[in-house]
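Structure first, commentary second.
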Amino acid sequence: AQSVAQPEDQVNVAEGNPLTVKCTYSVSGNPYLFWYVQYPNRGLQFLLKYITGDNLVKGSYGFEAEFNKSQTSFHLKKPSALVSDSALYFCAVRALSGGSYIPTFGRGTSLIVHP
Amino acid sequence: DAGVIQSPRHEVTEMGQEVTLRCKPISGHDYLFWYRQTMMRGLELLIYFNNNVPIDDSGMPEDRFSAKMPNASFSTLKIQPSEPRDSAVYFCASSLLVGGSYEQYFGPGTRLTVT
Chain A
202 AQSVAQPEDQ VNVAEGNPLT VKCTYSVSGN PYLFWYVQYP NRGLQFLLKY ITGDNLVKGS
262 YGFEAEFNKS QTSFHLKKPS ALVSDSALYF CAVRALSGGS YIPTFGRGTS LIVHP
Chain B
163 DAGVIQSPRH EVTEMGQEVT LRCKPISGHD YLFWYRQTMM RGLELLIYFN NNVPIDDSGM
223 PEDRFSAKMP NASFSTLKIQ PSEPRDSAVY FCASSLLVGG SYEQYFGPGT RLTVT
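Order-wise, the sequence lines are chains A and B. Under my numbering, the first residue of the first sequence carries the number 202, and numbering increases by one thereafter. Under my numbering, the first residue of the second sequence carries the number 163, and numbering increases by one thereafter.
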């Protein structure tokens with residue numbers, strides 16, 4: 202079975218400071234990993250993904266994520282947070298092969314960026 | 163492409179009434195998903211289709227819920243009879259998983275309130 206853990210329900214950061222939203226996963230074999238963002242009263246929006254290759258993945262709105270196979274983590278990062286980054290962030294995982302093609306989502310982490 | 167389209171955006175109904183939620187996926191996508199989101203339970207996968215065929219409906223809460231996909235461009239989620247505990251935001255998402263980029267594209271959601 203595949204699973205995702207987002208250990209923090211909420212992350213608070215001051216505008217201009219770096220931010221990290223944590224995600225760890227469990228999957229059989231190699232993973233596909235995703236980050237989505239959900240703004241208030243909107244659907245989830247794809248941010249970035251890791252399939253293969255470079256462990257540092259760059260995505261939309263200046264976000265990036267680092268795949269760490271030994272730690273089974275895929276933390277979302279941004280060097281300088283904006284108030285407009287305040288939203289709900291979801292990590293998701295699916296197996297590369299031999300397992301479910303359907304991604305499993307974490308519970309979500311609420312990011313609050315203070316002016 | 164206009165993205166995933168859902169209707170209605172808001173639905174308020176009385177307990178016992180039938181509710182039908184509608185979804186138009188992105189053209190060419192081969193998977194369609196129905197999710198439910200609540201504060202208590204987070205994002206739950208209800209059912210998904212591959213090439214219009216239901217593959218896994220194990221997430222459907224009970225027999226009051228049913229979903230159909232009569233063709234590649236339309237799907238419905240029906241609740242009959244509705245109950246107050248069905249109040250949630252229901253999302254439809256589509257994806258191109260075979261030979262595609264794998265991420266899901268979500269609609270704006272239908273906020274259902276059952277009184």
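Glycine included, each C-beta is placed from N, C-alpha and C at the ideal position. Quick caveat, the model's predicted, so the values are computed rather than measured.
Pro270/B versus Tyr226/A, Leu245/A and Leu220/A, residue with shortest Cα-Cα distance: Leu245/A
Tell me whether Ser261/A sits in a helix, a strand or coil according to DSSP, three-state version. helix
Once you ignore the five residues that flank Ser256/B on each side, which residues in its own chain have a CB closer than 6 Å to its CB? Val166, Pro187, Ile188, His191, Leu194 and Tyr267
Determine the extent of the beta strand (DSSP E) in which Lys230/B is found, giving its start and end residues. Phe227 to Asn233
Indicate the three-state DSSP secondary structure (helix, strand or coil) for Asp218/B in the structure shown. strand
I'd like to confirm the pairing. Which residues does DSSP put opposite Gln179/B in its beta bridges? Its beta-bridge partners do not exist; DSSP assigns none.
Between Pro232/B and chain A, is the shortest Cβ-Cβ distance under 8 Å, so that the two count as touching? no
Am I right that Ala288/A and Gly217/A are in contact with their C-beta atoms under 8 Å? What's the rounded C-beta distance? 17 Å between Cβ atoms; not a contact.
Name, going along the chain, the residues of the segment 218-232 of chain B whose beta-carbon falls closer than 9 Å to a beta-carbon of chain A. Asp218
Which residues does DSSP pair with Leu278/B in a beta bridge? The structure shown has nothing for residue 278/B, since chain B only spans 163 to 277.
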